[in-house]
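This report refers to the structure that appears directly beneath it.
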Amino acid sequence: MSMLTCKEFVEFLDDYVAGAQESPVRTEFERHLAVCPDCVTYLRTYQHTIALARSTRLDPTVPPPADAPAELITAIPAARAKESGRN
Amino acid sequence: MDTPAIVTTAAATDPADAAILAGLRNGDAAACTEFVRSHAGMALGVARRILRNEADAQDAVQDAFASFFRGLGDFRQQSRLTTWLHRIVVNAALMKRRAAQRRDECCIDELLPSYHADGHRRDPRPEWVLPSGAGSAGDDLAGLVRRKVDELPDDYRVVLVLRDVEELDTEETAEVLGTTPGAVKTRLHRARQALRTLLEREFVP
Ligand SMILES: [Zn+2]
Numbered sequence: 001m002s003m004l005t006c007k008e009f010v011e012f013l014d015d016y017v018a019g020a021q022e023s024p025v026r027t028e029f030e031r032h033l034a035v036c037p038d039c040v041t042y043l044r045t046y047q048h049t050i051a052l053a054r055s056t057r058l059d060p061t062v063p064p065p066a067d068a069p070a071e072l073i074t075a076i077p078a079a080r081a082k083e084s085g086r087n
Numbered sequence: 001m002d003t004p005a006i007v008t009t010a011a012a013t014d015p016a017d018a019a020i021l022a023g024l025r026n027g028d029a030a031a032c033t034e035f036v037r038s039h040a041g042m043a044l045g046v047a048r049r050i051l052r053n054e055a056d057a058q059d060a061v062q063d064a065f066a067s068f069f070r071g072l073g074d075f076r077q078q079s080r081l082t083t084w085l086h087r088i089v090v091n092a093a094l095m096k097r098r099a100a101q102r103r104d105e106c107c108i109d110e111l112l113p114s115y116h117a118d119g120h121r122r123d124p125r126p127e128w129v130l131p132s133g134a135g136s137a138g139d140d141l142a143g144l145v146r147r148k149v150d151e152l153p154d155d156y157r158v159v160l161v162l163r164d165v166e167e168l169d170t171e172e173t174a175e176v177l178g179t180t181p182g183a184v185k186t187r188l189h190r191a192r193q194a195l196r197t198l199l200e201r202e203f204v205p
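Here you go:
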């Protein structure tokens, strides 16, 4: 079996990172990584990217900096009062 | 006939949640205002990541709180109130996004890697030097990453936000966007590669 090209390596990198490949395919990926430092770097920075994106998630249990405009904060309970008044 | 004892699972519920929930369900105006005051910032942050337009994000937050209050009677306490609100905000923002005019798609191709005809990479990728230190520096890093995510074309950005930031799975993402899991998978991979390129410009000295 011939070696994966960098293009093929990157094309299926999401599956590789998710661990979603059958082991023969994984072995091909690892063979490519063993000889291609560029793809090692690409893999590492791709994983950094995912981790960095994940780190921007706001923890719903931690109160964020209160930058919601005051009008919005007053409008919501007002709408709620109006709605329950109708019922 | 004896009725078997029902083991309640409500013990898992945060007691603070139970108190807040009781106040909200009674229509207590002060409890309602307090809840909105402490959660509007989080809700707006989530909506802003899905909708780039500030007015749309605020509308989505209003819609979300309205469905939140309407749905209180059905809330089963299997999740935290805040987790449940978070999910409602994501849905409200997606509804708003669907209704809004799509932003012009810029070309994502220029952010993807290019190859020679034989499949070899055109230019080697340099290593990154990530800004070190936690605390305030960590917050700056998250801010930088958020700005870079915002630069992605809309269709790609929203998939990346739902999958990698909000951590919905492929099927859920496909469902809320009204598309196929295959399309979500392709777009996510391209979005990550494009974001990788945008971040590389920041992290390579
Ligand atoms: Zn390679």
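Chains as they are written, first to last, in this note's numbering: chain A, 1 to 87; chain B, 1 to 205.
By construction, the Cβ of each residue, glycine as well, lies at the ideal position given by its N, Cα and C atoms.
query	result
Minimum Cβ-Cβ distance from residue 77 (chain B) to chain A less than 9 Å	no
Residue 8 (chain A): contacting residues in chain B (beta-carbon distance under 9 Å)	119
Residue 9 (chain A): CB within 8 Å of a non-hydrogen atom of ligand 1	yes
Where residue 57 (chain A) meets chain B, residues with beta-carbon distance less than 8 Å	165, 166, 167
Residue 39 (chain A) beta carbon near ligand 1 (any heavy atom closer than 8 Å)	yes
Buried versus exposed call for residue 6 (chain A) [16 or more other C-beta atoms within 10 Å across all chains shown]	buried
9 Å Cβ cutoff, residue 156 (chain B) in contact with chain A	no
9 Å Cβ cutoff, residue 73 (chain B) in contact with chain A	no
is_contact[residue 83 (chain A), chain B] using C-beta, thresh 9 Å	yes
Heavy atom of ligand 1 within 8 Å of residue 197 (chain B) beta-carbon	no
Below-9 Å beta-carbon distance, residue 218 (chain B) vs any chain A residue	It is not possible to answer for residue 218 (chain B), since the shown part of chain B is limited to 1 through 205.
C-alpha distance - residue 71 (chain B) paired with residue 65 (chain B), whole-angstrom precision	10 Å
Residue nearest to residue 80 (chain A) in terms of C-alpha spacing, selected from B:28, B:97, B:78, B:118	B:28
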